Amino acid sequence: MERTPLIAGNWKMNLDHLKAVATVQKLAFALPKEYYEKVDVAVTVPFTDLRSVQTVVDGDKLQITYGAQDVSEHESGAYTGEISADMLAKLGCTWVVVGHSERREYHGESSKLVAAKAKAALGKGISPIVCVGEPLEIREAGTHVDFVVEQTRESLAGLTEAELAKTVIAYEPVWAIGTGKVASAADAQEVCKAIRGLVKELANEEIAEGVRILYGGSVKEETVAEIVGQPDVDGGLVGGASLDGEAFAKLAANAATGL
Numbered sequence: 001m002e003r004t005p006l007i008a009g010n011w012k013m014n015l016d017h018l019k020a021v022a023t024v025q026k027l028a029f030a031l032p033k034e035y036y037e038k039v040d041v042a043v044t045v046p047f048t049d050l051r052s053v054q055t056v057v058d059g060d061k062l063q064i065t066y067g068a069q070d071v072s073e074h075e076s077g078a079y080t081g082e083i084s085a086d087m088l089a090k091l092g093c094t095w096v097v098v099g100h101s102e103r104r105e106y107h108g109e110s111s112k113l114v115a116a117k118a119k120a121a122l123g124k125g126i127s128p129i130v131c132v133g134e135p136l137e138i139r140e141a142g143t144h145v146d147f148v149v150e151q152t153r154e155s156l157a158g159l160t161e162a163e164l165a166k167t168v169i170a171y172e173p174v175w176a177i178g179t180g181k182v183a184s185a186a187d188a189q190e191v192c193k194a195i196r197g198l199v200k201e202l203a204n205e206e207i208a209e210g211v212r213i214l215y216g217g218s219v220k221e222e223t224v225a226e227i228v229g230q231p232d233v234d235g236g237l238v239g240g241a242s243l244d245g246e247a248f249a250k251l252a253a254n255a256a257t258g259l
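Residue 77 in UniProt numbering sits at position 77 of the sequence shown, with consecutive numbering throughout.
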């Protein structure tokens, strides 16, 4: 099955709503139209940027999708500071990142919670980008594949086959995020292939062949083509390199030409 690569920028806690508009416009106009047929381009932005990004994407009819970086597992209620999936859906979000290693580490989020957040998003028509990945000590011990497969299993627990089909999985080795260290293309392929095998086990071969599995962790325009060229890597979750619209456009173009 042909899978269209997804190049998704994760802005993290960067760019206010004014800078967000400028960045999205630069990205859209710097990426030649023919590349939109080869890759899907998205940005996941701070909550306070969503309305501004929605306005510019809709108003300029941009071929870019967008989403948030977290969501509550709850539908509504007395959860101060939380944002529900319904709120995100009403702002036109296509995606929401769940289980990023920074959420797991700094906010103590468990894989069980990640699965609940993914379920909440899917219930409102939003595709979760479920992040998984091993720390350095697990990689050095050589048990990274088993670790990531089990973490992924727990992070997808309770999802139906139909929900799995709408889910994106992002493999982000923790030791490569923001460090400048990048897993080799072969490393990325090894783990992404194992994740696809798990999805086949949880659902079936057809769904497994359709699910997009991304690599994240210091993805740059010089490295993205080789990584995305791997048979089981279907795009990238891009951090710092997505904060400059023109640079992110070059990265997306390189991903498209590397296919």
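Note that CB positions come from ideal geometry on N, CA and C, so glycine has one too. Predicted, not measured: the structure shown is a model, and the values here were computed from it.
Residue from the options whose Cα sits closest to the Cα of residue i
i: glutamate 163; options: Leu136, Ile126, Glu137; result: Ile126
i: glycine 180; options: Gly239, Glu154, Val96, Leu251; result: Gly239
i: glycine 235; options: Gly216, Glu246, Lys12; result: Gly216
i: valine 149; options: Lys61, Ala118, Lys200; result: Lys200
i: threonine 4; options: Glu34, Asn14, Asp40; result: Asp40
i: aspartate 232; options: Lys220, Gly210, Glu221, Gly245; result: Gly210
i: isoleucine 227; options: Ile207, Ala255, Ala208; result: Ala255
i: lysine 38; options: Ile64, Lys112, Ala194; result: Ile64
i: cysteine 93; options: Glu102, Ser76, His107, Pro128; result: Pro128
Cα-Cα separation between residue i and residue j, rounded to whole angstroms
i: alanine 185; j: alanine 78; result: 45 Å
i: valine 132; j: valine 98; result: 9 Å
i: lysine 250; j: lysine 26; result: 11 Å
i: isoleucine 116; j: glutamate 134; result: Isoleucine is not the amino acid found at residue 116; the sequence shown has alanine there. One C-alpha to the other measures close to 21 Å.
i: proline 32; j: threonine 80; result: 42 Å
i: valine 71; j: alanine 85; result: 6 Å
i: valine 174; j: isoleucine 7; result: 19 Å
i: proline 46; j: arginine 139; result: 31 Å
i: histidine 100; j: aspartate 60; result: 30 Å
i: threonine 122; j: glutamate 172; result: The residue you asked about is not threonine; residue 122 is leucine in the sequence shown. Computed Cα separation, rounded: 22 Å.
i: serine 111; j: arginine 103; result: 11 Å
i: leucine 156; j: alanine 253; result: 31 Å
i: glycine 197; j: alanine 208; result: 7 Å
i: isoleucine 177; j: leucine 136; result: 11 Å
i: glycine 229; j: glycine 258; result: 6 Å
Cβ separation of residue i and residue j, assumed to be a contact under 8 Å, to the nearest whole Å
i: valine 182; j: serine 218; result: 5 Å
i: residue 260; j: serine 242; result: Lying before the first or after the last residue shown, residue 260 is absent from the chain, which here runs from 1 to 259.
i: alanine 68; j: leucine 88; result: 5 Å
i: leucine 237; j: alanine 170; result: 4 Å
Beta bridge counterpart(s) of residue i as assigned by DSSP
i: valine 98; result: Val130
i: asparagine 254; result: Asparagine 254 pairs with nothing; no bridge assigned.
i: asparagine 10; result: Thr44
i: leucine 214; result: Ala170
i: valine 219; result: In DSSP, valine 219 forms no bridge with anything.
Closer than 7 Å: residue i CB and nearest the ligand GTP heavy atom
i: alanine 255; result: Among the components of this structure there are no ligands whatsoever, and the ligand GTP is therefore not found.
Quiz item: Taking one C-beta from the segment 6–25 and one from the segment 53–63 each time, how about it: are there three or more such pairs within less than 8 Å?
Solution: In the pairwise beta carbon analysis, the segment 6–25 is classified as touching the segment 53–63: at least three pairs are separated by under 8 Å.
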